[in-house]
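Engineer: All residue numbers for the sequence shown refer to my numbering, where the first residue is -10 and numbers rise by one.
Where is the CB? At the ideal position from N, CA and C, for every residue including glycine.
Here it is: the structure, laid out below.
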Amino acid sequence: MIIVQICVGSSCHLKGSEEIVELFGEYISKNNLDDEIVLTGTFCAGKCNRSGVTIIVNDQIFTGITPYNFSDFWTNTVLPEVEKNR
Ligand code: FES
């Protein structure tokens, strides 16, 4: 089980955190990972000077997530983390 926190602070909100939440929802159900990923929101993670949305996976912070690079982020970061925590 991994915990994914999507920053919904005002800066990340403007950069599309809502869309990222939706994408996460889609990818989680498409991959049947509802039991393995806990999706939650977080307030400003202190990284809002970067582009894109800030996401915390377990305790690692990732910045600059956009709908365009989301699929890479999912494949290269989220899925390996799920595997590691099985
Ligand atoms: S608003 Fe997301 S890191 Fe600050």
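Check whether the Cβ of GLY30 lies closer than 6 Å to any heavy atom of ligand 1, and answer yes or no.
Structural biologist: The answer is no for GLY30.
Engineer: On the CB-based measure, 16 or more other CB atoms within 10 Å of its CB, does GLY(-2) come out buried or exposed?
Structural biologist: GLY(-2) should be labelled buried.
Engineer: Looking at the unbroken beta strand (DSSP E) that takes in CYS(-4), where does it start and where does it end?
Structural biologist: Note, CYS(-4): beta strand (DSSP E), -9 to -4.
Engineer: Compute the beta-carbon to beta-carbon distance between GLN(-6) and GLY30, rounded to the nearest angstrom, for a pair I have assumed lies under 8 Å.
Structural biologist: The pair is a contact, with the Cβ atoms about 7 Å apart (cut-off 8 Å).
Engineer: State the beta-bridge partners of ILE17 as determined by DSSP.
Structural biologist: Looking at the DSSP assignment, ILE17 forms no beta bridge with any residue, so it has no partner.
Engineer: What does a CB cutoff of less than 7 Å around THR66 pick up in its chain, not counting 5 residues either side in sequence?
Structural biologist: Excluding sequence neighbours, THR66 sits near VAL46, PHE51.
Engineer: Given the structure, does GLY41 come close to ligand 1, in the sense that its CB is under 6 Å from one of the ligand's heavy atoms?
Structural biologist: No, the Cβ of GLY41 stays beyond 6 Å of every heavy atom of ligand 1.
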